[in-house]
Amino acid sequence: MYRYLERRLVEHLREFLRRTYGLESANIVVEQPPKIEFGEYALPLAFELARKLRKAPRKIAEEIVAGVGAIPGFEKFEVAGGGYINVRVNRAELAAALAADEEPAADVPTGKVLVEHSSINPNKAAHIGHLRNAILGDTFVRLLRFAGREVDVQNYIDNTGAQVADVVVGFLHIEQKSRAQIEALAAAPRFDYYCWDLYARVSHWYEEDKSNLQARLATLHAIEGGNNETAAIADLISTAVLKHHLETMDRLDIEYDFLPRESEILHLHFWDAAFTKLKEAGVLTYEDEGKNQGCWVMRRAGTVAEPLTRGDTAEKITEEKITEEDQKVIVRSNGTVGYVGKDIAYHMWKFGLLGRDFGYRKFYRYPNAHDCWISTTEGEKDHPHFGDVAEIYNVIDARQSEAQNTVIEALRGLGHGEAADRYTHFSYEMVALTPRCAAELGYQLSEEDKARPWIEVSGRKGFGVKADDLLDALITSAAKEVDGRHPELSAAERAGIAVQIAIGALRYFMLKFTKPSVIAFDFKDALSFEGDTGPYAQYAVVRASNIFRKGGLDPESFCRDAANLVSKEEFAKYLTGESGNDIWELWLTAAKTSYIVGQCIATTEPAYLAKHAFQLAQLFSTFYHRYPILSEADEGRRTFLLATAAVVRRELIRVLAAMGIDVPPVM
RNA sequence: GGGCCCGUAGCUCAAGCGGAUAGAGCAUCGGAUUUCUAAUCCGAGGGUUGCAGGUUCGAUUCCUGCCGGGCCUACCA
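Right, dumping it as structure tokens:
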């Protein structure tokens, strides 16, 4: 509702400015006043117009307030300070609309959205860095769906890369295992943990003797070639680890629709199709001299050709040689293609620009019967249509922004500027460990490391916190609390609640930081259930539910009837004026959910949603404390307070659901 | 060397295309309801927003230069 009213306000003002001052495209900034007493919207408009109109801001503000006229849903306009215009809505009308759950539809862009996230190398267990990626990605998917978009979720699987090769090397060269032995291990529990340790050992083995790296190269070639024993072993390992990743993420209620694999990008010759087009378009150039002799290279994203002389034309510049430093090798001199090249082909496919498609088969069925598909060379006849989408978001950490930009520039160079514009690298910073946390985990730290603000997680070194371990620790910690608080519940009930709390804590923790902030992970912070945490927000909902349970009422049906149970006159009575301010702030915040969701999508920043959930929970907790509802003697007022609790409960449940957080029945 | 990001309270973080008195959580200290469960609430202390300039009616936000930190900059992925 809040967003809808803002749009109406802006449209009305734009019309007014055109009519009164002849201003066509004034930039109308709408802010939120610092205090609820000032109103619901604030306009610094008069400051902006002061120069254009050559008048004092205060004077302009007064003219606007006097002349703007009535707008449905709004109460009045006031001039404040040196020229602010504060706008008040009709509180009763907004509250009644929110109680009735009226949310006027916004314009939903057409076309399917593709979100790619997780994309964990299938050679070891997932760690906390992967959790941040998956939780950000999954939440963004939920936000898009909340806003009415159709979304496909993809998880790219690099099953033929060096990392998988390394683990294959570990099994074959270090452990000397047979295929049958590896198969048996892969079928055993925690195979991903086994690979985690083995991967670290392989890295160590390479360091011991550089000649060992030849085993990696030979293995990599065998895997890429396919149709041999080594490739078959790599496939069985990566497939087994992948299943563990899907199970780990499913614990957090994260699901995928399709798993495109690098092996199919290779075997279905996606690259060949892309290579032809890239050469034709002149995006790739062949180097016949210098350090990259024999390679096909592209200009590195973000670099610009230096004009040889003043007045060079654009054409001349594009024909110019790219300096070695600005060259990005796409095809090596031995004819093999690097990962950026494969990525370009893959992204052409995403936008339906490649002219080729994957084969598809069902791979994994979630407990809720949702199917996750995987790429194959020859697939099932009937399958959903993937790819060929209108917009894409790639949830990939900031370290890969240059590679992402190279892919975008390749699309642009191919003449697909509109696709490049709808390609978003959803970039975020990594999760690292605090030195204290690293020490707790038993890692030896140098004096230099101890002084660092954080230490980077490294799968190669086996250095990090595994996703399942963290989740287990959270569940254990939550279970201890639940067991102490609710001995009357069955063990199964208590365990279920502990899981919900653990997931709430984890997902909230990963979402509360803004994307550019490195998370310096520490168990103390991550295991906290108090204050600015997921469980705090869950607890607010539980308390709201408790009011209804104690009162013998059903919160859902009460919520559906809220608009009928409280008249507009009563809303006005309880929400107007100074005395109504604190409860009004709660209603107003509850009305902002779709506004916040819109902001999150526009800025690709889910942290705003976490902030919103916390604010709403915090306001509710204060309200809960200040107003005993069931003991309220005044019948009308009691109903109004119940309606407040019911509506806030509904909105908070929705917000938490958008973050992938469930609310336990009791806490 | 070049590119990107960061620097805000003791600690961890916010601050909506530049706006009103820079806000939370944790920690510390002091309080609260035999009431809808205290995973809660109220209060206190705590800030030259890294430094120096600039633009502006107005700068944590934009620009420039320094200082400090991180990441990227492979014929690895």
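According to this note's numbering, the first sequence holds residues 49 to 715 in order.
The beta-carbon is built from N, C-alpha and C at its ideal position, and this holds for glycine as well.
Predicted, not measured: the structure shown is a model, and the values here were computed from it.
| query | result |
| --- | --- |
| Put K659 into one of helix, strand or coil per three-state DSSP. | helix |
| Skipping 5 residues on each side, what residues in its chain have a beta carbon closer than 6 Å to that of D301? | G708 |
| Compute the Euclidean distance between the alpha carbons of H660 and T637, then round it to the nearest angstrom. | 8 Å |
| Fully enclosed by the region 577-646, which alpha helix (DSSP H) runs are 4 residues long or longer? | 582-598, 603-613, 616-623, 629-638 |
| Pick helix, strand or coil for S381, following the three-state DSSP scheme. | coil |
| Using C-beta distances below 8 Å, list every residue in its chain close to E477, excluding the 5 sequence neighbours before and after it, in chain order. | D445, A446, K563, P564, S565, V566, I567 |
| How many angstroms separate the CA atom of L326 from the CA atom of H293? | 35 Å |
| Which same chain residues, not among the five before or five after V113, have their C-beta less than 8 Å away from its C-beta? | F125, E126, V127, I133 |
| Quick one: residues in its chain with C-beta nearer than 7 Å to the C-beta of R591, no 5 flanking neighbours on either side, listed in chain order? | Y672 |
| Assuming E164 and Y204 are in contact, meaning their beta carbons sit under 8 Å apart, how far apart are those beta carbons, in whole angstroms? | 6 Å |
| With 16 as the cutoff for other CB atoms within 10 Å, does L91 come out buried or exposed? | buried |
| Could you compute how far the alpha carbon of Y304 sits from the alpha carbon of S167? | 11 Å |
| Tell me whether W244 sits in a helix, a strand or coil according to DSSP, three-state version. | helix |
| Closest by CA to G177, which one among S506, D630, S615? | S506 |
| Figure out for me which residue from D320, K410, Q375 has the closest Cα to the Cα of Y394. | D320 |
| Given this structure, state the Cα-to-Cα distance separating R56 from V137, to the nearest angstrom. | 12 Å |
| Going by DSSP, what residue range makes up the beta strand (DSSP E) through Y412? | 407-413 |
| Straight-line CA distance for S311 to R238? | 25 Å |
| With 16 other CB atoms within 10 Å as the buried threshold, where does A539 fall? | exposed |
| For T333, list the residues DSSP reports as bridge partners. | V345 |
| What is the DSSP secondary structure of A90, reduced to helix, strand or coil? | strand |
| Hey, would you say C343 sits closer than 7 Å to E335, going by beta carbons? | yes |
| Do you know how far the Cα of L192 is from the Cα of V437? | 14 Å |
| Taking 7 Å as the threshold (C-beta atoms), are I503 and A521 in contact? | no |
| Tell me which residues share the same chain as Y247 and place their Cβ nearer than 8 Å to its Cβ, disregarding the 5 neighbours each side in the sequence. | N171, K172, Q211, D214, V215, G218, G507, R508, G510 |
| Express the C-alpha separation of E54 and Q80 in angstroms, rounding to a whole number. | 10 Å |
| With C-beta atoms as the reference, is A279 less than 7 Å away from I271? | yes |
| Buried or exposed for K528, going by 16 or more other Cβ atoms inside 10 Å? | exposed |
| Buried or exposed: which applies to H418, given that a residue is buried once 16 or more other Cβ atoms fall within 10 Å of its Cβ? | exposed |
| Note down, in chain order, each residue of its chain lying with its Cβ closer than 6 Å to the Cβ of L61, except the 5 sequence neighbours on either side. | I76 |
| On a Cα-Cα basis, can you pick out the residue from Y408, E198, L307 that is closest to V156? | E198 |
| May I have the straight-line CA-CA distance separating Y587 from Q548, to the nearest angstrom? | 12 Å |
| Taking the Cβ atom as the reference point for each residue, do R227 and A706 lie within a distance shorter than 7 Å? | no |
| What residues are listed by DSSP as bridge partners for S423? | Y408 |
| Please list the terminal residues of the continuous alpha helix (DSSP H) segment that includes K325. | 318-328 |
| Starting from the C-beta of S475, find all residues in its chain whose C-beta is less than 6 Å away, skip the five residues before and the five after it, and write them out in chain order. | A446, S449 |
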